[in-house]
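Chains C and D are the protein sequences, given in the same order. Quick note on numbering: the working numbering labels position 36 of the first sequence as 36, and the sequence is numbered without any gaps. Quick note on numbering: the working numbering labels position 253 of the second sequence as 253, and the sequence is numbered without any gaps. This report refers to the structure that appears directly beneath it.
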Amino acid sequence: MRIALFLTCFNDTLFPETGKSVVRLLRRLGHDVAFPYEQTCCGRMHFDSGYRRDAAPLARAFATAFAPYDAVVTPSASCAAMVRGRHPLLARDARDKRADAFRERVDAVAPRVFELSEFLVDVLGVEDVGAFFPHTVTYHPTCHSARVLGVGDRPLRLLRKVRGLRLAELPDASECCGFGGAFALKNAETSTAIGADKAAAVMRTGAQVLCADDNSCLAHIGGLLSRRHGGVRVLHLADILAATAPHPELAAYPPGDPAHASLDPVHPAPDRPREGVPR
Amino acid sequence: MTAVRREPAFLGMPPFPEAAHHALADRRLRAELRDTSRTSRSRRAEAVDELPPFVWEKLRRAGAVIKDDVIARLPDHLEELEGSVVAAGGTVHWARDADEANALVIRIAREHAAAEVVGVPAATTRETGLDDALADAGIRVRATAAANAGLTVRGADFAIAETGTVCAVDADENGLRSVTLPDVLVTVLGLEQVLPAWRDLEVFLHLLPRASTGERMSPYVSLWTGVTDDDGPRGFHLILLDNGRSDVLADRMGRQALRCIRCSACLDVCPVYTRVGGQAYGSVPPGPIGAILAPQLRGVNRHDVDAQTASLPYASTLCGACFEACPVRIDIPAVLAHQRAQLTDLGRGPARHREKAAMSAARWGLAEPWRLGLAQHAAALGRHVIARMPHVLAGPLARWTDGRDAPAPPPESFRTWFKRTNGGLDEGGSRDEVPGDTDDETAEGPSATPREEP
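Below, the structure is given as C-alpha cells:
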C-alpha cells in the first residue's frame, strides 16, 4: 500500500512536529509514508470564505499530487472533510475543457483520503499503537471530525490504549470551540467568547494536556489558554500517539481559578471577585 | 410595479460583528441564553432519544422530502389550496410584500368596522411589522383573546392544499381561543407553509413539537377549515405572503431554507446564537436559519445587498450543529458557504478589497509548492518576534491576538525538514521526546535517551 501524507499547509508551516509524529507513528507500525512535495493546500479557507474560484485550482492540484497513492492520511479532520465533501462539488461545477479529467481524478482520490484516527482504526486495523504518555489528557472532538466526518469514538479508542495516559472527560465536549476559520478574525469577539467557555471547560477537567485532531482548533483554544495562563498545553492526537519513551513529567499547573483569571475576553474580571460567581 | 419593500423594521441595524459586540457586553443576556439554551437542548435530546432507533432520522427525511415537493411544485399546491379554501367558504388574498399584507389586514378590519383587533404574535406578522402598521392606521391591537374578540389576526404553521385546512401548533390555550372565539379570523401565512395532503400533517406534528419544545406532542393544535354554520368565525381570510419567497425558489442550493418549520432548534444549538442572542442578527427569524433566510429574502441571489445583510452569512463557525438539530435537514452550513460565494465571487456584497487581495495573495502563494516554501521561510523569520510577543500580531491577523496568543512559527517547516533528513531517516536514531515544544532553541534536542524502534 502506497501511503501519502497530506500534512496541510497550516501544519506544514506552523506545526511540523505533528507531521513528524505521523511519520514516526506509521513507521513504528511498519508502514512507510511518502510526502508528495507538490502538495500545498486543500482550499478550505478559500472555499469557506466564499472564494470558490480560488479554491478550485487548489482542489485540482490536490487531486494531481495525490493521484499515484493508494491511501492519503492527514492529521486534519477539517481538511479531510474538505477533500471528501467539497472537492467533488468544485469538480462538478468546473466548466473548462479539462473538467472531465478533474472530475475523474477527484472521484478517484477523494474517497482515499483519511483523517488519522480513521486511517489507523479502519485502514490499518489498529487501536493500540504502542504509545506511552503518562499524563492526564482531555479530548475535544472538533466539529469537522465529529459532525462532518463522523469519526465517532475512534480517537478515544486510540487514546484509551495509550500506556500511562489518564483520560479526563471534557464537559460539553461536542460544543464548537468558536474557531471557525475566517470566523476567528471576522467575528473575533464572538469567536473568543465561545472559545472562553471551551477553555474554561478544559481547565475544569484538571487535565495537563488538551488533545484534538485539528491543530487549527487547538491553536485557537491553546491561544486562549495561553493568554489566561491556563496551565494546559495542547497537543495533536498524532503527537500523543507517536510518543513512546518515558520522559520528564510535564510541568503540572492547577486548573485555572475563575476568581483569578477572567475567561471573558471582552470584559476582564474586576479585581475583587464578583458576587454570585460560583467557585 | 411598485418597489418591493422587505423587513422595514430592521433598516439601520449595524452589521453582525458590531451588533454582537453590544450583545456580548450584556452579561445578563449571556447568562440567560446559556441557561435557556442548555435546558432546551437537553429537553429536545430526551424527546428524540426516547424514540426507537432511526425513527427520528426517518421522520426528518420524510419531512425534508415533503417540503422539497412543496418547494418544487409550489404554484400547483397554492392553486389547489386557494380552490379548497374558497370551496369551504373562505377567502384567499395574495400579498407580494409586507406592505401589501398589512394593507390587506387593515382593509379587512375596516370592512368589519373593527377599531380593535386581537393580534396573536406570529413569525409572519412580525416579519411584516403588522403591529406598527395597524397602529399607524389607528387600529388598536390587543394581545389576548379572553372574550369574544371581533377580529383576530394570527399566523399558522401549515395549510393543507387538499382540504383548505389551516393548522396552528400553539404554545398555550390563547392560540386555541383565537380560533374559536372571533367573528372574523385572518391568518397570515408564508407561501412555503403549504402542505400537499392531509396525511403529510402527521409527519410534521411529530417533528415540530419535539424539535421545538422537546414535547412528544403539542396539547394546543388547532385546525380550522373555512366557515361552518353556527360554529366558529363567520369570516375566514387567508393571506398568502410572498415577501421575497419566490426569489428564494430560484436558488437551487438556497431554497432548502424554505423547508423551515420555525421550530428554533437551530438557535439553541448554535454556538454563536447562544452567545449573542437574537437581536444581533437583525433578522426574522434570527440565528442560523435567519442567517441563510434573511439574505435570500432580501435578494442576495439576484442583486447587491447592504452591509448588514452581507454580514449574516459570516455569523457562523460552520460547526454543523444546526444541520444536526434541524428536523427537516436543512444543510445550513452548505447554504452559508454558498451565500458567501455569492457575496464574494459574484460581488453582491459590499466590496472588501483588502480581504480579496489577501485571498488572492494566499491563492498565489499556495499555487506552487516553492511559493509556499518561500512563505514558510518568511514566517520562520518572524518567529522570534512572535515567540517573545505572542499577544501582538500585525495586519489582518491583529484581530487574532485581541483575545488569543499566537503560535510562533517553527524554525523549519515540515517540507524543509522532510527534504533535509529524507523524511527523518537520515536524522540518526529516532526522537521520542514530546513534540510541540521545540520552540526554545536552547533545549538540547531530545531530553530522553534515544531509543531504538521496537
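Built from N, CA and C at the ideal position, the CB exists for glycine as well.
Return the CA-CA distance between residue i and residue j, expressed in angstroms with no decimal places.
i, j, result
"C217 of chain C", "H237 of chain D", "53 Å"
"C9 of chain C", "A95 of chain D", "52 Å"
"T13 of chain C", "H353 of chain D", "26 Å"
"G19 of chain C", "V73 of chain C", "11 Å"
"R399 of chain D", "R34 of chain D", "25 Å"
"A143 of chain D", "P121 of chain D", "7 Å"
"R84 of chain C", "L25 of chain C", "24 Å"
"S316 of chain D", "P286 of chain D", "12 Å"
"A351 of chain D", "P17 of chain D", "17 Å"
"L223 of chain D", "T165 of chain D", "6 Å"
"R28 of chain D", "R275 of chain D", "11 Å"
"R44 of chain D", "A265 of chain D", "8 Å"
"V4 of chain D", "G278 of chain D", "The predicted position of V4 of chain D is uncertain, since its pLDDT is 42 and thus under 50; a value taken from the coordinates is nonetheless stated next. Straight-line Cα distance between these residues: approximately 25 Å."
"I66 of chain D", "E192 of chain D", "11 Å"
"L170 of chain C", "E215 of chain D", "29 Å"
"D331 of chain D", "L381 of chain D", "42 Å"
"L33 of chain C", "A197 of chain D", "First, the residue type needs correcting, since residue 33 of chain C is Val and not Leu in the sequence shown. Near 58 Å, if we compare the C-alpha coordinates of A197 of chain D and V33 of chain C."
"S76 of chain C", "E115 of chain C", "6 Å"
"V434 of chain D", "Q208 of chain C", "Because the pLDDT at V434 of chain D is just 45, under 50, the model does not fix this residue reliably, and the value given afterwards should be weighed accordingly. Distance between the alpha carbons of V434 of chain D and Q208 of chain C is about 13 Å."
"R199 of chain D", "L59 of chain D", "13 Å"
"M1 of chain C", "L124 of chain C", "10 Å"
"F6 of chain C", "N174 of chain D", "60 Å"
"F158 of chain D", "I289 of chain D", "18 Å"
"D97 of chain D", "A156 of chain D", "18 Å"
"H391 of chain D", "L397 of chain D", "11 Å"
"G195 of chain C", "V92 of chain D", "50 Å"
"G373 of chain D", "P410 of chain D", "13 Å"
"T138 of chain C", "H77 of chain D", "53 Å"
Compare the beta carbon distance of residue i and residue j with 8 Å and say whether it is the shorter of the two.
i, j, result
"A270 of chain D", "L208 of chain D", "Here residue 270 of chain D is Cys; the residue named in the question, Ala, does not match the sequence. Cβ distance not < 8 Å, so C270 of chain D and L208 of chain D don't count as in contact."
"R340 of chain D", "S78 of chain C", "no"
"K198 of chain C", "G181 of chain C", "no"
"A171 of chain D", "P327 of chain D", "no"
"E118 of chain C", "R154 of chain C", "yes"
"H303 of chain D", "R348 of chain D", "yes"
"C42 of chain C", "L58 of chain C", "yes"
"L241 of chain C", "V129 of chain C", "yes"
"G395 of chain D", "T192 of chain C", "no"
"A184 of chain C", "P141 of chain C", "no"
"Y314 of chain D", "N215 of chain C", "no"
"A88 of chain D", "T225 of chain D", "yes"
"P333 of chain D", "L343 of chain D", "no"
For residue i, which of the options has the nearest alpha-carbon?
i, options, result
"R371 of chain D", "D:L346, D:V305 and D:R415", "D:R415"
"A80 of chain C", "C:R103, C:A199, C:A131 and C:A110", "C:A110"
"R126 of chain D", "D:I332, D:L189 and D:T39", "D:L189"
"L185 of chain D", "D:R154, D:T274 and D:P196", "D:R154"
"P182 of chain D", "D:D268, D:G63 and D:P233", "D:P233"
"A25 of chain D", "C:A242, C:S226 and C:T190", "C:T190"
"I139 of chain D", "D:E116, D:V86 and D:G150", "D:E116"
"Q39 of chain C", "C:A4, C:G125, C:G230 and C:E127", "C:A4"
"L156 of chain C", "C:A184, C:C42, C:D213 and C:D96", "C:D213"
"D122 of chain C", "C:T64, C:G150 and C:P141", "C:G150"
"E79 of chain D", "D:C319, D:H22, D:T163 and D:F54", "D:T163"
"T205 of chain C", "C:G230, C:H144 and C:D96", "C:G230"
"I106 of chain D", "D:A133, D:V118, D:G299 and D:E82", "D:A133"
"A114 of chain D", "D:G150, D:L293, D:L130 and D:V85", "D:G150"
"V221 of chain D", "D:E202, D:S37, D:D230 and D:V227", "D:E202"
"L267 of chain D", "D:G254, D:D426, D:S283 and D:M253", "D:S283"
"A72 of chain D", "D:A379, D:L249 and D:A408", "D:L249"
"H46 of chain C", "C:N11, C:Y69, C:R27 and C:M82", "C:M82"
"V162 of chain C", "C:S145, C:A131 and C:L225", "C:A131"
Since residue i contacts residue j with CB under 8 Å, what's their CB separation in whole angstroms?
i, j, result
"P15 of chain D", "Q308 of chain D", "5 Å"
"Y281 of chain D", "L312 of chain D", "7 Å"
"L90 of chain C", "A56 of chain C", "5 Å"
"D405 of chain D", "R227 of chain C", "5 Å"
"D136 of chain D", "R259 of chain D", "Incorrect: roughly 34 Å between the Cβ atoms, too far for contact."
"M359 of chain D", "D54 of chain C", "6 Å"
"R147 of chain C", "G63 of chain D", "With a Cβ gap of about 20 Å, R147 of chain C and G63 of chain D do not count as contacting."
"L210 of chain C", "I221 of chain C", "6 Å"
Taking only runs that begin and end inside the stretch 132-193 of chain C, name each unbroken alpha helix (DSSP H) of 4 or more residues, in chain order.
154-160 and 183-186
Whole alpha helix (DSSP H) runs in the stretch 289-319 of chain D with 4 or more residues, listed along the chain?
Those alpha helix (DSSP H) runs which fall completely within the stretch 289-319 of chain D and span 4+ residues are 307-311.
Uninterrupted alpha helix (DSSP H) stretches inside the stretch 47-130 of chain C (no shorter than 4 residues):
52-66, 77-81, 87-93 and 99-109
Can you list the beta strand (DSSP E) stretches of 3 or more residues lying completely in the stretch 49-136 of chain D, in chain order?
91-95 and 116-119
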